[in-house]
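Colleague:
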Amino acid sequence: MYRRIILLTTRNRSGISPSAEHSINITNQQETKRISVSTCPNRQRMLYNKGVCAPNKRPFSTSTAISKENEESSAPKTGVTEAKVKEKEPKKSGKENLLDLLSAMKVDVTTKKKFQALKSQKSKEQPRVHPESMESATSMFQKATTEQQAQKESLSPELIAAASAVASSMPLKKSQMESELLQQLRKHESDTEVHKKAETNNIGNIIADMKVGKHPNARSPNRPANQIRFDDDGRGYTHDRGVVNEFDAVRRRKSLFTGKRLNIFPSTTDTTETEPKEVSVPSLWDIELAGQIAAVIKHLPRNGFEEMIQWTKDGKLWQYPINNEAGLEEESDVPFHEHVFLDSHLEDFPKQGPVRHFMELVINGLSKNPYLTVKQKMEHIEWFREYFQQKEEVLKESEAY
Amino acid sequence: MAASVLSRVVKSGFEFLQTSFRITSQAGNVEQVRGYYVNWRMLRDVKRRQMAFEYANDRLRMNAIRKNTILPKELQEIADKEIAAFPRDSCPVRIRSRCVMTSRPRGVKRRWRLSRIVFRHLADHNQMPGIQRAMW
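Those sequence lines, one after another, are chains A and B.
FYI, in the UniProt record's numbering the residues of the first sequence are 1 to 401.
FYI, in the UniProt record's numbering the residues of the second sequence are 1 to 136.
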């Protein structure tokens, strides 16, 4: 494999390197050595160190400026094309390479759609062999970006109708008012959605920046396991598996009951459930037995990390990064107008008088309270309703109801 | 106490056995009461906290009616009597912050819920993350 690379470099030292992708890679390496070193595995680094870069700096100077934007997006892609190019070995003349360069340079404006279009083009040109981990990183990044694109701000028709009603009630500039109101509502929706999905975007970005790691045991060698292989001396040796691999599968199992069903035994279906026995109080022996069984089944934590995981599952430890709305996931789906506009719940109260005044103050306070759920607010209002209905006589005496 | 002991053990992770039992509230047998609190005063404080949590909403609403210039005074007097009729342990004023380890009622730092002696002991033995002896 390495012999091929050396041949390539010696042939093309004076001219331009074999393919357009190579040129982009080199410019990338010059610009951002950090990224390219981390993404390219060792054999690719050897290629560059052979001196392909040195004599060819001038023709790439123009492309560097343009390809700056393409850097990060093409860094993972170029790693893949590297692997492909070495296997295929296209030999082009200098002129063809220049033309390739120019055509590649045309793709300068990087919107995400164009990046994807470019990538699909490249994939059509050359059939590829994806290393698995590479595919997962880029595909995850792509998924995160497509999710962002696919979001459309959708307002419920009620809100739109309400906005138009408000705008029409205003004396001047109705259309402008309406558009402004709708804009505000859309902005509010997009803000809440961004806030909700901020975590997924960050994860996608983090993963895209991470270096590609390859699973050590992913590619099992083509030879059957335990086959005797022969060195040059003529001595045979078997591939030593080592103790680690045996325990690997066992360790991956987190408990006895995970994993695929083998369907060896017929599953018994209880048509008539046995009636639960009535025991007055479980005796101490029963409790002890139950505790023993529970202790055997659950796996004791092997280290501090597993202990903390267990505590988090139990609810003893908060979830990190700290989420201020930890127990309130359902609440985030409730639209804001149910929190703020509570006037409609005041229908059962008298329309004038101190009671009404008092309840309006209550509702004013509740609408400003961001810490209560809508249910809790409704409970408060209902309690007051019942209380004042009970005390009707007292209130009527003092002419308050 | 017996019910709480049982419930605590029963909850600790063997739900599959629970279906076979039915715990009736009328226990004929007398069992020894064993708890995990340091002393009875701590237990009483725990009970007060639980009761204060139960009655918190009611007290809030009653006080909103009482501390008011809008509603008629007769109603407020009635509300005064009603709130006085709540159980005594339901008011949050009776809660005393005690040390979690020793149940000491005085010298308790609120952030760690520990008395000063226990705090010092743990900090000197390096059991408190981020706590260091001050020196300046």
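Glycine included, each C-beta is placed from N, C-alpha and C at the ideal position.
At the level of alpha carbons, what is the spacing between Y55 (chain B) and S90 (chain B)?
Modeller: Here residue 55 (chain B) corresponds to residue number 55 of the second sequence, with the count starting at 1. Here residue 90 (chain B) corresponds to residue number 90 of the second sequence, with the count starting at 1. Using only the alpha carbons, I get a separation of about 6 Å.
Colleague: Can you give me, in chain order, the residues of the segment 28–43 of chain B that have a beta carbon less than 7 Å from any beta carbon in chain A?
Modeller: So the close ones are G28, N29.
Colleague: Where does K260 (chain A) sit, in a helix, a strand or coil, going by DSSP?
Modeller: Numbered from 1 along the first sequence, position 260 holds the residue referred to as residue 260 (chain A). Three-state result, K260 (chain A): coil.
Colleague: If I follow the unbroken alpha helix (DSSP H) through K67 (chain B), where does it start and stop?
Modeller: Translated into positions along the second sequence, residue 67 (chain B) becomes position 67. Careful: K67 (chain B) lies outside any alpha helix (DSSP H) and carries neither H nor E.
Colleague: Kindly identify the DSSP beta-bridge partner or partners of K109 (chain B).
Modeller: Looking up residue 109 (chain B) in the second sequence gives position 109. Per DSSP, B:L114.
Colleague: May I ask you to report which of helix, strand or coil DSSP gives D333 (chain A)?
Modeller: For the purposes of this step, residue 333 (chain A) is taken as the residue at position 333 of the first sequence. DSSP places D333 (chain A) in helix when its eight states are reduced to three.
Colleague: Can you check whether the C-beta of P354 (chain A) is within less than 8 Å of a C-beta belonging to chain B?
Modeller: As a first step, residue 354 (chain A) must be located in the first sequence, where it is residue number 354. Closer than 8 Å: yes.
Colleague: Please report whether the beta-carbon of R61 (chain B) lies at a distance below 8 Å from any beta-carbon of chain A.
Modeller: The residue given as residue 61 (chain B) occupies position 61 in the second sequence. It does: the Cβ of R61 (chain B) has a partner Cβ on chain A nearer than 8 Å.
Colleague: Residues of the segment 364–392 of chain A in Cβ contact with chain B at a cutoff of 8 Å, in chain order, please.
Modeller: Taking 8 Å as the Cβ-Cβ cut-off against chain B, the residues of the segment 364–392 of chain A that qualify are E379, H380, W383, F384, Y387, K391.
Colleague: Is the Cβ of L71 (chain B) closer than 8 Å to any Cβ of chain A?
Modeller: Walking along the second sequence from the start, residue 71 (chain B) turns up at place 71. Output row for L71 (chain B): interface = yes.
Colleague: Starting from the C-beta of R163 (chain A), find all residues in its chain whose C-beta is less than 8 Å away, skip the five residues before and the five after it, and write them out in chain order.
Modeller: Locating residue 163 (chain A) in the first sequence gives position 163, counting from the first residue. Checking the displayed sequence, the identity of residue 163 (chain A) turns out to be Ala instead of Arg. Excluding sequence neighbours, A163 (chain A) sits near E178, L181, L182, L185.
Colleague: Taking CB distances under 8 Å as the criterion, tell me whether L395 (chain A) reaches chain B.
Modeller: By one-based count along the first sequence, residue 395 (chain A) stands at place 395. So yes, L395 (chain A) belongs to the interface.
Colleague: Report all residues from its chain with a CB closer than 7 Å to the CB of R41 (chain B); omit the five preceding and five following residues, and keep chain order.
Modeller: Sequence index remark: in the second sequence, residue 41 (chain B) carries index 41 (1-based). Once the five neighbours on either side are set aside, the close Cβ partners of R41 (chain B) are S103.
Colleague: Going by DSSP in three states, Q389 (chain A) sits in which element: helix, strand or coil?
Modeller: Taking the first residue of the first sequence as 1, we reach residue 389 (chain A) at position 389. The answer is helix: DSSP assigns Q389 (chain A) an H, G or I state.
Colleague: Can you list, in chain order, the residues of its chain with a C-beta nearer than 6 Å to that of residue 146 (chain B)? Leave out the 5 residues immediately preceding and following it.
Modeller: This structure leaves residue 146 (chain B) out entirely; chain B is present only between 1 and 136.
Colleague: Please list the terminal residues of the continuous alpha helix (DSSP H) segment that includes G168 (chain A).
Modeller: Walking along the first sequence from the start, residue 168 (chain A) turns up at place 168. According to the sequence provided, residue 168 (chain A) is Ser. The question's Gly does not apply to it. Start and end: 157–169.
Colleague: Ignore the nearest five residues each way along the sequence and tell me which others in N57 (chain B)'s own chain have a CB closer than 8 Å to its CB.
Modeller: On the second sequence, residue 57 (chain B) is found 57 positions in, with the first residue counted as 1. Nothing meets the Cβ criterion.
Colleague: With 16 as the cutoff for other CB atoms within 10 Å, does Y401 (chain A) come out buried or exposed?
Modeller: Within the first sequence, numbered from 1, the residue matching residue 401 (chain A) stands at position 401. When all chains shown are included, Y401 (chain A) counts as buried.
Colleague: How about residue 405 (chain A) and F384 (chain A): do their beta carbons lie closer than 8 Å?
Modeller: Chain A is shown from 1 up to 401; residue 405 (chain A) falls before or after that span and cannot be answered.
Colleague: By the 7 Å beta-carbon criterion, what residues does the segment 73–90 of chain B contribute toward chain A?
Modeller: So the list reads E74, L75, I78, given in the order they occur along the chain.
Colleague: Using a Cβ-Cβ cut-off of less than 8 Å, list which residues of the segment 163–178 of chain A approach chain B; keep chain order.
Modeller: Result list empty, no residue passes.
Colleague: Could you list which residues in chain A have their beta carbon closer than 8 Å to that of N68 (chain B), in chain order?
Modeller: Residue mapping note: residue 68 (chain B) aligns to position 68 of the second sequence, counting from 1. Correct list: F358.
Colleague: From L43 (chain B) to P92 (chain B), what does the alpha carbon distance come to, in whole angstroms?
Modeller: Taking the second sequence and counting its residues from 1, one reaches residue 43 (chain B) at position 43. Taking the second sequence and counting its residues from 1, one reaches residue 92 (chain B) at position 92. Roughly 16 Å between the two C-alpha positions.
Colleague: Please name the residue in B:I70, B:R113, B:L60, B:R88 whose C-alpha comes closest to that of L395 (chain A).
Modeller: Working through the first sequence from its first residue, we reach residue 395 (chain A) at position 395. When each option's Cα is compared against that of L395 (chain A), the closest is B:I70.
Colleague: For P370 (chain A), tell me which candidate among A:P335, A:M210, A:Y387 has the shortest Cα-Cα distance.
Modeller: Your numbering for residue 370 (chain A) matches position 370 in the first sequence. The candidate whose alpha carbon is nearest that of P370 (chain A) is A:P335.
Colleague: Suppose contacts are defined by Cβ-Cβ distances below 8 Å. Is I95 (chain B) in contact with R49 (chain B) by that definition?
Modeller: In the second sequence, counting from the first residue as 1, residue 95 (chain B) sits at position 95. In the second sequence, counting from the first residue as 1, residue 49 (chain B) sits at position 49. Yes, Cβ-Cβ distance for I95 (chain B) and R49 (chain B) is below 8 Å.
Colleague: By how many angstroms is the C-alpha of F305 (chain A) removed from the C-alpha of E386 (chain A)?
Modeller: The residue labelled residue 386 (chain A) in the question sits at position 386 within the first sequence. The residue labelled residue 305 (chain A) in the question sits at position 305 within the first sequence. Cα to Cα, E386 (chain A) sits roughly 52 Å from F305 (chain A).
Colleague: Specify the secondary structure class of R120 (chain B) as computed by DSSP and reduced to three states.
Modeller: Here residue 120 (chain B) refers to the residue found at position 120 when the second sequence is read from its first residue. Helix.
Colleague: Taking 8 Å as the cut-off, decide whether the C-beta atoms of R98 (chain B) and P105 (chain B) are in contact.
Modeller: Numbered from 1 along the second sequence, position 98 holds the residue referred to as residue 98 (chain B). Numbered from 1 along the second sequence, position 105 holds the residue referred to as residue 105 (chain B). Contact flag set, yes.
Colleague: Here's the rule I'm using: 16 or more other beta-carbon atoms within 10 Å means buried, otherwise exposed. How should H380 (chain A) be labelled?
Modeller: As a first step, residue 380 (chain A) must be located in the first sequence, where it is residue number 380. Buried is the call here.
Colleague: Quick check on F86 (chain B): does DSSP put it in helix, strand or coil?
Modeller: Start at 1 with the first residue of the second sequence, and residue 86 (chain B) comes out as number 86. Reduced to three states, the DSSP call for F86 (chain B) is coil.
Colleague: Put E399 (chain A) into one of helix, strand or coil per three-state DSSP.
Modeller: As a position in the first sequence, residue 399 (chain A) is number 399, starting the count at 1. Coil, per DSSP.
Colleague: Between F349 (chain A) and N68 (chain B), how many whole angstroms is the CB-CB distance? I'm expecting something under 8 Å.
Modeller: Position 349 of the first sequence holds residue 349 (chain A). Position 68 of the second sequence holds residue 68 (chain B). Contact flag wrong, Cβ pair sits at about 16 Å.
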